[in-house]
Structures are given as C-alpha cells and as structure tokens.
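Numbering (our numbering), first residue to last: 30 to 946.
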C-alpha cells in the first residue's frame with residue numbers, strides 16, 4: 030500500500046479512536062448545539078442557548094458562543110440567515126472526532142482519489158467511517174431552527190478566544206422593523222395579511238394557510254402607525270386566527286402556519302410524564318413538574334354596534350358557547366366590534382342596494398360603482414398562486430388549495446357578523462380558563478403543537494394539550510430544559526388568541542375629496558357620501574376610489590332635510606374616526622388651505638359669508654353702523670340687498686333694501702299683499718298694521734257716499750259705493766286675497782310707456798282734495814252705459830283751446846237746463862240752431878214756432894216790432910243739413926256682450942251691443 034495512503038488510514042483510525050474515547054465513552058467535549066451563519070468563515074462553538082417561543086409571536090433564541098476569531102464584524106451577523114440545530118444526545122461526539130481527526134484525512138483521501146486511479150484506492154475511499162455511527166443519532170430528537178440574526182454582541186475577549194452573543198429570530202421578526210400607515214380596500218383579513226407578507230418577500234414556501242372559515246371582504250382596513258408585525262397580529266387576533274411556526278423539511282426554512290381551528294395544530298408524538306434522574310435516564314425525553322391553574326371566566330359575551338346603513342336594526346346580541354358549563358359567571362359586554370349585521374356580515378344576498386352610486390355626472394365609467402358593503406368577496410385564502418402546494422410538514426401535508434376546497438362548505442355570510450364575534454370572543458374566554466405549566470427536556474416542543482402526555486397526574490387532559498409558550502435554556506454541559514404553558518386540547522372549546530386593541534386616532538387626519546374626472550360638482554353617492562384621498566396613504570388608486578364612501582358630519586340633519594354644502598374635488602377635509610377606530614372614518618369638517626384660500630380674512634373680518642363655487646352668496650356684514658345682508662346669485666345678477674348697501678368697492682350706494690334682477694321678477698302672496706311706506710320705529714308693531722291705509726279707505730268711502738247722496742238728490746248718476754264698501758272689508762287686515770298699497774307722502778306710478786288700470790268690477794277714484802287728469806294729447810272717457818258728471822259746488826267748465834266742442838246724443842235727446850241764466854255766445858262767429866222738424870222758442874207763455882209749415886208767433890199780449898222799416902217780400906227758405914251722427918248704433922238691450930265688444934274693438938268698430946256680431 031502506498032505510504033501516503035497508509036498514513037491517511039492511520040489518521041482516520043486515530044481520529045476515530047479519540048472521538049469515541051472523548052465523546053462516546055467519557056462524555057467529555059459533547060456539544061448539543063450547532064450554530065451556522067451564512068457567509069461566516071470563522072468557526073463558532075455554542076456555549077449557551079436561551080429560547081423563547083410563543084404562539085402568535087416570532088420566536089427568539091439568544092445564543093452565546095465562542096470563536097478563536099476575536100474581531101468578528103457586525104456586518105457578518107446582522108440580517109444574516111442562520112440556523113440553530115439541537116443535536117440529539119451523543120450526536121455531537123460525531124462533530125468532535127470529525128473536527129479532531131476525520132475531516133482533514135477525508136479531504137486528503139479525496140485528493141488522493143482524484144490523482145490515483147487504482148481500483149483498490151477507489152474502494153477504500155468509498156468507505157465512510159461515519160456510517161457505522163449513524164445508530165448513535167437515534168438517541169433523542171433533533172431540531173433545526175431557521176431564522177435571521179437580529180442582534181449581535183461581543184461580550185469578552187481572552188487570550189485564546191472571544192465570547193459573542195447573537196439573537197436568532199424568526200424571519201417574521203423583521204416585520205417589527207417596518208412601521209407603516211396604509212389603506213387596504215375590499216380585501217379580507219387573510220388577503221391583507223398575505224399582501225403584507227408578500228411585500229416582505231414571502232412566497233408560498235414561507236407560509237401556508239390552514240383555515241376553516243372563509244373570511245369576507247372588508248370595505249376598509251387601515252394600518253395606523255403600527256409595525257407590519259403588529260398589524261398582522263392585530264388583524265388575525267381580531268377574527269380568532271392564530272399562527273405558529275414549523276420547519277420545511279425539504280427547503281430547510283421556517284414556515285409560518287396560519288390557522289383558525291384545531292386541524293392547524295402540529296401533531297407530534299406522545300411524551301411521557303417522568304421526573305428526570307440525571308445520567309441514569311439514558312436521555313429519555315419526558316415532561317415533569319406539571320401544574321394546573323384555572324379560573325372562572327365570563328359565561329357569555331354580549332355585543333352591540335351601530336350600522337348607519339341600517340340604522341333601525343338592533344345589533345345587540347349575546348352568545349354562550351358553553352351552555353352546560355357551570356364554572357362560568359357574568360357577561361362580557363363589548364361595544365364596537367365593528368360588524369354590519371347581527372347574523373350576517375353584509376356580504377350575502379341581503380345587500381342593501383341603496384349603496385349603489387347613481388351619480389349622474391360620472392358617466393359610464395362609474396356605473397358599476399357599488400358600495401363594497403354590499404359586495405360578496407373571497408376570503409383571500411389564495412396563497413401566491415398555489416405555491417403552497419409544497420408539503421411543508423409530514424403531519425400537515427394539506428396545501429392551501431385543499432384547505433379551501435375542503436372547507437368550502439363552511440362558507441357563510443355569518444362570518445364576522447355580530448353573533449360570530451360574540452362566539453369567538455367567548456371561545457377566547459373559555460380557552461384561557463385552564464392553563465397548564467410544566468417542564469420538559471424535549472427540545473422539539475414548540476407552540477401550536479398538540480401532544481399527549483402519558484402518565485400525567487393532571488385530570489382532564491386525556492386528549493392531550495396544546496402548547497402556548499416555551500422558554501428553555503441549555504449549555505455545553507447541561508441538557509436543554511424548558512418550561513412550557515399549555516391548555517387542554519378540546520375540539521369543542523377551540524383556542525382563540527386574545528384580541529389586540531386597535532390603534533386609536535384621537536384627533537383628525539387631513540385628506541382631500543376626490544372624484545373620477547375632477548368633477549365640477551360634488552362627487553357623491555345616493556346617500557350623500559364622499560370619497561377622499563388620505564394624506565398619509567402612499568398607495569396609488571384610481572381617481573375617486575381612494576377610500577370607502579365617507580359620511581359628512583353636519584350641524585343639522587334629518588329625514589331628507591338638513592345642512593349640506595357639497596364638497597368639490599380637491600377640497601381639504603379633516604377626517605375623524607368613530608370611537609377612534611381607523612377603520613371607521615367620517616368627514617368631520619372641511620378646511621381652507623393655501624391652494625383654497627379662505628374668503629373671510631383680515632381685510633373683511635367683519636363679514637360673515639356663505640359662498641358657493643358658482644358665487645351664490647349670503648353675506649352678512651357686521652361692521653357697526655354699516656350692517657347689511659346680501660343674498661345673491663350670478664344668474665341674472667339677482668340680488669336682495671338690505672341695510673347699508675355698498676358696491677363691489679365697498680362704497681355706499683344706498684340704504685334700506687333692494688331686490689333686483691336682470692331677468693324677470695314676481696311678487697306673489699296668496700292671502701294678500703300689503704305695500705306700505707309707513708313703519709314703526711325699531712321694527713315695532715305688527716306685520717299687517719294698516720290703520721292708516723284703512724282710514725284712507727274709510728275717508729274715501731265717506732266722501733263717495735256723501736257725493737252720491739248729493740248726486741242722487743240732483744238726479745245725477747250715483748257712485749257705486751257698495752263695491753267700495755266690499756273692497757274695504759276685503760283689504761282690512763287682508764281678510765281676503767288682495768293688494769293694498771299705502772304711503773304717507775304719496776304714491777306715484779309712472780312709465781315712459783303705457784299704464785293700464787283694469788277690473789272686472791268697479792274702479793273708484795276718490796280724493797279729499799283735487800283730482801287732475803292731464804294728457805298732452807287726447808283724453809278719452811268711454812262707458813258701456815252712461816257717464817255721469819256731477820259738480821256739487823263750483824260748477825263745471827268745459828274748454829277747448831283749439832278745435833270744436835261737440836256734444837251729441839246719438840240715439841236720444843240732448844237736455845240742458847239751468848236754474849238761472851243760459852248764455853250762448855259766439856264771440857267771433859255765428860250761432861246756428863237747427864232742427865230737422867220744428868224749432869220752438871218759448872218764454873212766459875209766448876212762443877215762436879218755426880217749421881217747414883211756416884213761422885208762428887204766439888202771445889197772450891202784444892207783439893212789438895221795433896225797426897226802421899218792415900218789408901214784405903216773396904217766400905224764401907234756407908236748407909241747412911243736420912249733423913251726421915257717425916256710426917250711430919241703435920240700442921236694443923242694456924247689457925254688453927264682452928266677447929262682442931272685444932271683436933268690435935279688433936275690427937275698429939265703435940261699440941257692439943249684446944247679440945250684435
């Protein structure tokens with residue numbers, strides 16, 4: 030045999046001898062732990078291990094080790110992947126003799142094999158002296174933890190070595206270093222947790238879901254100033270979901286297991302209850318020093334909440350998940366679990382369709398916008414495109430897809446309802462009623478494991494226990510020993526984690542109102558709600574979809590009435606939160622900012638202004654001595670100005686009030702309208718205080734009656750005082766619908782065009798003094814029946830400065846009489862009196878009768894003719910034609926046909942009597 034080969038065989042034998050002697054026989058130099066850190070070239074030797082594992086928490090192991098390298102850098106450790114192995118009893122002797130004599134000879138054998146093709150050498154080098162020792166590894170269980178170094182310390186340095194300490198943590202622990210404020214919409218709790226995990230590089234290998242329930246989508250989930258770890262812990266605990274860790278046997282990594290029922294526990298081999306006896310127990314793993322602590326818990330959980338979408342529904346519910354349990358007492362009343370229905374989560378067929386957004390200005394783009402309170406979503410159990418199909422544990426081989434398929438029948442819209450929350454909260458109370466503590470030397474014991482304990486002295490745990498926490502320690506010379514807490518395994522009393530309070534937002538947060546298309550008007554849904562973009566939200570959303578629909582708090586509200594000024598896209602709002610819950614936002618109020626400046630500032634600080642984007646405005650100016658109110662709209666510049674009237678430059682332009690418009694105006698009052706310039710000082714008196722006006726009406730009526738009596742006595746036409754009497758009764762306190770106008774200093778109606786007074790009844794014009802009617806052209810007085818003119822005292826005068834004065838009685842007599850003289854003068858012309866038949870002049874019984882038959886003089890006394898001469902000549906006559914009475918109409922009735930009159934007026938006819946068409 031080659032001399033070199035002989036030396037190598039001798040070295041192998043010597044190394045094997047030393048290893049067996051030191052490790053297996055004498056037990057000296059045995060190390061139960063191995064620490065491997067990626068990229069660390071230096072060899073380390075574990076001195077001490079302290080572990081801390083809890084259900085629903087990342088695990089942490091503090092490892093103290095030594096190394097001959099006294100200058101290991103921080104960069105070599107922090108954020109480096111590493112794994113810690115718990116070696117079974119005696120297995121570390123393998124590392125002893127490999128380190129002392131086998132590794133180097135085996136390396137030399139490999140080199141020699143590559144350079145020497147001898148078959149004998151090949152057969153020799155195929156021999157592995159470690160194979161016969163594999164049986165030694167079966168004594169005790171092994172475990173490897175894969176994680177990341179989160180802390181590193183150098184403790185001391187000696188001449189030979191340096192002592193260091195690291196903390197090996199689950200990869201999940203790194204999520205505690207990422208603090209975020211984020212928004213998630215229309216996702217289930219599980220979907221949000223998956224999104225957070227994937228954001229940290231988790232794949233389907235790194236976590237798996239073992240869920241019984243299908244969790245509904247939530248409209249709005251907020252992460253508020255929490256680490257990503259705290260966030261997912263809170264979300265999962267809220268719905269009664271726990272998580273634990275296991276090791277992936279194929280990919281050698283830590284696996285996060287998320288589950289909500291007992292099938293998610295890790296099933297492990299039974300363990301015996303036995304007090305250890307030092308070296309005489311042959312390293313048998315066992316449990317000892319078990320204690321039990323129990324306490325009374327609430328017998329039921331009562332929940333209550335409020336859902337404004339279904340405000341009349343009672344959401345009060347109570348659940349006792351263990352009706353036959355007499356060890357409980359009392360009720361845990363919990364308000365604001367944030368559920369939508371007592372028996373339904375609002376995602377089923379009973380959806381309130383009023384949440385559909387029918388905003389007309391949103392076009393077809395938003396025609397499908399439906400409030401997510403009424404949508405049915407998946408539970409988010411999909412896990413990285415089914416990458417979890419890899420078997421992560423021999424005892425839990427079902428991947429996520431099978432979990433979902435298997436539990437599809439369990440899906441209902443009762444998950445996350447009020448009674449569902451009450452049930453899982455009571456299950457949490459029951460699950461903490463009994464707590465078991467004990468000790469063990471089984472290093473593989475971990476939270477989330479279901480394990481049976483043989484020979485236990487504790488009653489009621491025949492089905493085993495579920496491990497909650499594990500705290501252990503060990504060193505080079507002492508076996509790893511741990512203290513654990515557990516609860517009895519009872520499928521009918523499932524474990525639920527303790528709910529974690531949500532972070533509260535005590536004040537308000539800034540946000541901006543949004544819309545899909547920068548809408549000119551408010552972008553609101555059928556319930557008057559808005560969508561906003563939170564300033565803290567770093568995600569990118571489609572415009573108008575940055576949040577759920579938010580209600581706007583108002584100073585006044587009721588059934589289809591209240592106080593609401595629509596908020597426009599871009600308006601800054603302050604968002605508050607019901608009970609401080611980040612998932613329950615509402616708009617508290619709107620704010621001005623640098624981009625949307627306030628319309629009331631120091632330059633107009635005395636003005637109180639409500640103004641809309643279209644400049645509809647209510648302005649109330651409190652400047653002392655110049656108070657005014659302006660109510661205005663831009664359309665037609667329609668305004669009501671009252672008080673101290675000013676222009677746009679704040680210069681006075683009037684006092685009192687002004688109602689104006691560039692368009693049409695109307696004043697309507699169904700019961701009556703009183704226009705007056707008479708007011709009481711300081712706005713005293715009553716609204717219809719019209720004594721002055723009524724006095725005037727009474728005076729007018731008295732004058733009319735007095736003149737009527739005089740006219741009647743003179744056989745002249747009398748006034749229609751009955752109509753005036755009725756009008757006075759109508760207008761007094763506006764007993765009936767009428768209009769009365771009164772001004773102490775006079776009323777003037779004037780127009781450059783026509784003015785018309787018209788009535789279906791009587792028109793009365795009465796004055797206590799003089800009544801004047803003036804016209805630069807014609808004055809026409811027409812009557813369908815008669816015209817009566819009566820002057821009680823001072824007579825009548827009819828003068829025509831130019832033109833003729835014509836008086837005609839076209840179908841009757843013309844009668845003129847005077848108590849005294851009648852004088853007819855033709856100042857500069859002739860006087861002609863004609864009669865077509867006969868003319869008679871009479872006085873004192875004497876007469877002159879003129880007709881076509883001749884002239885007749887008659888007297889009872891003498892006829893005197895005084896003249897220079899009296900001549901008799903031949904017969905002669907003068908023919909003078911009588912005046913033509915134009916369009917004279919025969920009177921056949923005393924009533925006028927109004928329709929005939931209108932037709933006659935249209936045809937230019939003078940008058941039409943009833944029946945004359």
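The beta carbon of each residue, even a glycine, is placed where N, CA and C say it ideally should be.
Notebook entry, point to check: At what residues does the alpha helix (DSSP H) containing residue 565 begin and finish?
Noted result: Start at 1 with the first residue of the chain shown, and residue 565 comes out as number 536. Taken as a continuous stretch (DSSP letters only), residue 565 belongs to no alpha helix (DSSP H), as it is neither H nor E.
Check: Which term fits residue 388, buried or exposed, when burial requires 16 or more other beta carbons within 10 angstroms of its beta carbon?
Finding: Here residue 388 is taken as the residue at index 359 of the chain shown, counted from 1. With a pLDDT of only 43 at residue 388, under the threshold of 50, the placement of this residue in the model should not be trusted, and no figure is reported.
Next item on the list: Quick one: residues in its chain with C-beta nearer than 7 Å to the C-beta of residue 1, no 5 flanking neighbours on either side, listed in chain order?
Entry: Since the first and last residues shown for the chain are 30 and 946, residue 1 lies out of range.
Checklist line | Span separating the alpha-carbon of residue 115 from that of residue 476 | finding: The sequence position of residue 115 within the chain shown is 86, counting from 1. The sequence position of residue 476 within the chain shown is 447, counting from 1. Approximately 17 Å, taken between the alpha carbons.
Margin query: If you follow the alpha helix (DSSP H) that residue 173 is in, where does it begin and where does it stop?
Written below: In the chain shown, residue 173 corresponds to position 144, counting from 1. Run containing residue 173: none in the alpha helix (DSSP H); it sits in the beta strand (DSSP E), 172-186.
Margin query: At a cut-off of 8 Å, would you count residue 852 as near the ligand GTP, judging by its Cβ distance to the nearest heavy atom?
Written below: Only the bare structure without any ligand can be found here, which leaves the ligand GTP out of the picture.
Check: Relative to the C-alpha of residue 527, which residue among 73, 78 and 86 is closest?
Finding: Taking the chain shown and counting its residues from 1, the one referred to as residue 527 is at position 498. Ranking 73, 78 and 86 by Cα distance to residue 527 puts 86 first.
Margin query: Less than 6 Å between C-beta atoms, sequence neighbours within five positions excluded: which residues of the same chain meet that for residue 336?
Written below: Translated into the one-based positions of the chain shown, residue 336 becomes position 307. So the qualifying residues of the chain are 369.
Notebook entry, point to check: Is residue 381 helix, strand or coil when you go by DSSP?
Noted result: On the chain shown, residue 381 is found 352 positions in, with the first residue counted as 1. Low confidence applies to residue 381: its pLDDT is 42, below 50, so where it sits in the model is not reliable enough to give any reading.
Notebook entry, point to check: In the structure shown, what three-state DSSP assignment does residue 646 receive?
Noted result: Working through the chain shown from its first residue, we reach residue 646 at position 617. DSSP places residue 646 in strand when its eight states are reduced to three.
Checklist line | Contacting residues, own chain, Cβ-Cβ under 8 Å from residue 439 (five flanking each side not counted) | finding: Working through the chain shown from its first residue, we reach residue 439 at position 410. Because the pLDDT at residue 439 is just 42, under 50, the model does not fix this residue reliably, and the point stays unresolved.
Notebook entry, point to check: What is the rounded straight-line gap between the Cα of residue 559 and the Cα of residue 544?
Noted result: Residue mapping note: residue 559 aligns to position 530 of the chain shown, counting from 1. Residue mapping note: residue 544 aligns to position 515 of the chain shown, counting from 1. Spanning the two alpha carbons is a distance of roughly 9 Å.
Next item on the list: Starting from the Cα of residue 875, find the closest Cα among 195, 888 and 883 and give me that residue.
Entry: In the chain shown, residue 875 corresponds to position 846, counting from 1. Closest option to residue 875, Cα to Cα, is 888.
Next item on the list: Kindly provide the ranges of any beta strand (DSSP E) runs that are 3 or more residues long and lie completely inside the stretch 599-659, ordered along the chain.
Entry: 601-606, 614-620, 636-640 and 646-650
Check: With distances taken from CA atoms, which of 820, 715, 492 and 685 is nearest residue 737?
Finding: Your numbering for residue 737 matches position 708 in the chain shown. Of the candidates 820, 715, 492 and 685, the one whose C-alpha sits nearest the C-alpha of residue 737 is 820.
Next item on the list: Can you say whether residue 319 is buried or exposed, counting buried as having 16 or more other CB atoms within 10 angstroms of its CB?
Entry: Mapped onto the chain shown, residue 319 falls at position 290. Burial call: buried.
Check: Is residue 258 near residue 202, with beta carbons less than 9 Å apart?
Finding: Within the chain shown, numbered from 1, the residue matching residue 258 stands at position 229. Within the chain shown, numbered from 1, the residue matching residue 202 stands at position 173. Going by C-beta atoms, residue 258 is nearer than 9 Å to residue 202.
Check: Given that a residue counts as buried once 16 or more other Cβ atoms are within 10 Å of its Cβ, and exposed if not, what is residue 325?
Finding: Against the chain shown, residue 325 aligns to sequence position 296. Residue 325 should be labelled exposed.
Note to self: Pop quiz: residue 457 and residue 329 are said to be a contact at Cβ under 8 Å. What is the actual Cβ separation, rounded to whole angstroms?
What the structure shows: Here residue 457 refers to the residue found at position 428 when the chain shown is read from its first residue. Here residue 329 refers to the residue found at position 300 when the chain shown is read from its first residue. The Cβ separation is near 13 Å, so there is no contact.
Check: Given a threshold of 16 other Cβ atoms within 10 Å of its Cβ, counted over all protein chains shown, does residue 12 qualify as buried or as exposed?
Finding: Absent from the model: residue 12. The displayed extent of the chain is 30 to 946, so no value can be given.
Check: Per DSSP, what kind of secondary structure is residue 394 in: helix, strand or coil?
Finding: Along the chain shown, one-based indexing puts residue 394 at 365. Model confidence at residue 394 stands at a pLDDT of 38, short of 50, so the residue's coordinates are unreliable; what they give is reported in the following sentence. Note: residue 394 maps to helix in three-state DSSP.
Margin query: One question on the structure: do residue 687 and residue 702 come within less than 9 Å of each other, judged by their Cβ atoms?
Written below: Here residue 687 refers to the residue found at position 658 of the chain shown. Here residue 702 refers to the residue found at position 673 of the chain shown. The answer is no: Cβ separation not under 9 Å.
Item checked: Whole-angstrom distance between residue 615 and residue 113, CA atom to CA atom -> Position 84 of the chain shown, counted from the start, is the residue given in the question as residue 113. Position 586 of the chain shown, counted from the start, is the residue given in the question as residue 615. So the two alpha carbons sit approximately 50 Å from each other.
Check: Beta carbon of residue 763, beta carbon of residue 700: below 9 Å?
Finding: Stepping through the chain shown from its first residue, residue 763 is reached at position 734. Stepping through the chain shown from its first residue, residue 700 is reached at position 671. Yes, these two residues count as a Cβ contact at 9 Å.
Margin query: Judging by CA-CA distance, which residue of 216, 215 and 204 is the nearest neighbour of residue 230?
Written below: Numbered from 1 along the chain shown, position 201 holds the residue referred to as residue 230. Residue 204 is the option with its Cα nearest to residue 230.
Check: Closest by CA to residue 469, which one among 447, 206, 498 and 511?
Finding: Counted from its first residue, the chain shown places residue 469 at position 440. The residue with the shortest Cα to Cα distance from residue 469 is 511.
Check: Can you list, in chain order, the residues of its chain whose CB lies under 7 Å from that of residue 262, leaving out five sequence neighbours each side?
Finding: To locate residue 262, count along the chain shown from 1; it is residue 233. Excluding residues within five positions, the ones whose Cβ falls inside 7 Å are 85 and 529.
Check: In three-state DSSP terms, what is residue 253?
Finding: As a first step, residue 253 must be located in the chain shown, where it is residue number 224. Here residue 253 sits in strand by DSSP.
Next item on the list: Tell me whether residue 884 is buried or exposed, calling it buried when 16 or more other Cβ atoms sit within 10 Å of its Cβ.
Entry: Here residue 884 refers to the residue found at position 855 of the chain shown. Exposed: under 16 other Cβ atoms inside 10 Å.
Margin query: On the DSSP letters alone, give me the boundaries of the alpha helix (DSSP H) that residue 751 sits inside.
Written below: On the chain shown, position 722 is the one that residue 751 refers to. Segment 750-760, the alpha helix (DSSP H) holding residue 751.
Note to self: Taking DSSP's pairing of strands, which residues face residue 247 in a bridge?
What the structure shows: Taking the first residue of the chain shown as 1, we reach residue 247 at position 218. Answer is 216, bridged to residue 247.
Notebook entry, point to check: Helix or strand or just coil, what does DSSP make of residue 274?
Noted result: By one-based count along the chain shown, residue 274 stands at place 245. Of the three classes helix, strand and coil, the one that applies to residue 274 here is strand, per DSSP.
Checklist line | Entirely enclosed beta strand (DSSP E) segments - the stretch 763-833, minimum 3 residues | finding: Those beta strand (DSSP E) runs which fall completely within the stretch 763-833 and span 3+ residues are 768-771.
Note to self: Determine whether the beta carbon atoms of residue 502 and residue 78 lie at a separation below 9 Å.
What the structure shows: What you label residue 502 is simply residue 473 of the chain shown in a count that begins at 1. What you label residue 78 is simply residue 49 of the chain shown in a count that begins at 1. Against a cut-off of 9 Å, the Cβ pair of residue 78 and residue 502 comes out as a contact.
Note to self: I need the boundaries of the beta strand (DSSP E) containing residue 512, first residue and last residue.
What the structure shows: Taking the chain shown and counting its residues from 1, one reaches residue 512 at position 483. For residue 512, the enclosing beta strand (DSSP E) has its first and last residue at 510-517.
Checklist line | Given residue 829 as reference, the closest of 806, 846 and 843 once Cα atoms are compared | finding: Residue 829 sits at position 800 when you count from the first residue of the chain shown. When each option's Cα is compared against that of residue 829, the closest is 806.
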